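K.L.:
Residue numbers (this note's numbering): 118 to 439.
Glycine included, every Cβ here is placed at the ideal spot set by N, Cα and C.
Source: prediction; values computed, not measured.
Pasting a structure below so you can have a look.
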Ligand code: FO1
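This is the structure we're talking about:
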């Protein structure tokens, strides 16, 4: 069984490759909930939804979030009712938020709601939110404001400089049911090429998850979300400096750290453009390789998934039987 720690879009592309290399029934994805936002009384889970829409070919292909073939009649009416449309919710997407929020209001845990939605979309792999508790990524800006992640990223286009990032609620959050067991039983754990600061860190900030990652016998391999000093998508370059990490593929791997030094990783995968970083990674006790990490097509993503598992001695076929 393969466990993947995942955020949104970068992870979804990788997962499309992983499901071609490993039986989806043997994949558990632990998904970030720090991006979640409450709007119009609805709980919106961008990372869970992006992965679901991507893997079921429902995602809006250019945006890579939200639904394709979408209409915005509700958004337009809300605007007439005085609601500023800073966060675009299409009609089809809204149906999911209404469905999820109604179940949450009845006391159904987010993990159960997620399993329900995944089943209705015919997802073969298992999606788990990192926690059923609220973990909220807050951006503290250098001009003294405390912004919800979406307000900073979407509302202000990531313009305000970042002083630091807070994962509010993480310290007391419990891993969602199944997360610790999946990590303990895994044949391999993959840190997807997601944003280290706002996608992966809110997951590992949950104490029970960090402890399970430290104690599991499964090897842990990550893929750099940075290629040649640049993010593939999103805004990690605006956040890494705020947490003291250079916008550099090897630096991110070293920031996650080698397990022998109490860090997270056994292996780190760089893009061929960053092969000069391999030496630093080996010196830190990490297995490391450089390969094509830009997942422009499913075949490249499949090869990347295989290379990542093989780097830490895991045969994708065997992992698929776990
Ligand atoms: N991103 C935007 O840049 N603008 C939006 O209006 C927007 C709306 C939105 C609605 C639902 C959803 O699931 C995602 C949405 N996103 C939007 C993307 C979102 O900010 C990102 O997917 C993640 O939170 C960052 O990875």
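With 16 other CB atoms within 10 Å as the buried threshold, where does residue 424 fall?
P.N.:
Buried, since its Cβ has 16 or more Cβ neighbours within 10 Å.
K.L.:
By the DSSP assignment, the beta strand (DSSP E) with residue 440 in it spans what residues?
P.N.:
Because the chain in this structure spans residues 118 to 439, residue 440 falls outside the shown range and cannot be described.
K.L.:
Does the beta carbon of residue 342 fall short of 7 Å from some heavy atom of the ligand FO1?
P.N.:
Residue 342: no, Cβ never under 7 Å from the ligand FO1.
K.L.:
Kindly list the residues whose CB is nearer than 8 Å to the CB of residue 332, restricted to its own chain and excluding five residues on each side of it in sequence; keep chain order.
P.N.:
Taken in chain order, the residues that qualify are 301.
K.L.:
Give the secondary structure of residue 177 by DSSP, where H, G and I count as helix, E and B as strand, and everything else as coil.
P.N.:
DSSP places residue 177 in coil when its eight states are reduced to three.
K.L.:
Quick one: measure Cβ to Cβ for residue 233 and residue 293, integer angstroms, because I've assumed they're closer than 8 Å.
P.N.:
Wrong, their Cβ atoms sit about 14 Å apart, outside the cutoff.
K.L.:
How long is the line joining the alpha carbons of residue 178 and residue 209, rounded to whole angstroms?
P.N.:
When rounded, the distance between both Cα atoms is 15 Å.
K.L.:
How many Å lie between residue 295 and residue 146 at the Cα?
P.N.:
Near 11 Å, if we compare the C-alpha coordinates of residue 146 and residue 295.
K.L.:
To the nearest angstrom, how far is it from the Cα of residue 414 to the Cα of residue 382?
P.N.:
Going from the Cα of residue 414 to the Cα of residue 382 covers about 27 Å.
K.L.:
Quick check: the region 227-247 against the region 139-159, are at least 3 beta-carbon pairs closer than 8 Å?
P.N.:
Short answer: they touch.
K.L.:
Does the structure place the region 273-288 close enough to the region 129-136 that three or more beta carbon pairs sit under 8 Å?
P.N.:
Because the criterion of three Cβ pairs below 8 Å is not met, the region 129-136 and the region 273-288 do not touch.
K.L.:
Would you mind working out which of 154, 416 and 377 sits nearest residue 398, comparing C-alpha positions?
P.N.:
Of the candidates 154, 416 and 377, the one whose C-alpha sits nearest the C-alpha of residue 398 is 377.
K.L.:
Taking only three categories from DSSP, how would you classify residue 206?
P.N.:
Coil, per DSSP.
K.L.:
Could you check which residue in 322, 393, 297 and 360 has the C-alpha nearest to that of residue 335?
P.N.:
Closest option to residue 335, Cα to Cα, is 297.
K.L.:
State whether the region 219-235 contacts the region 193-207, with contact taken as three or more CB pairs (one from each stretch) at a distance under 8 Å.
P.N.:
As far as the Cβ criterion goes, the region 219-235 does not touch the region 193-207, which means the pair count is below three.
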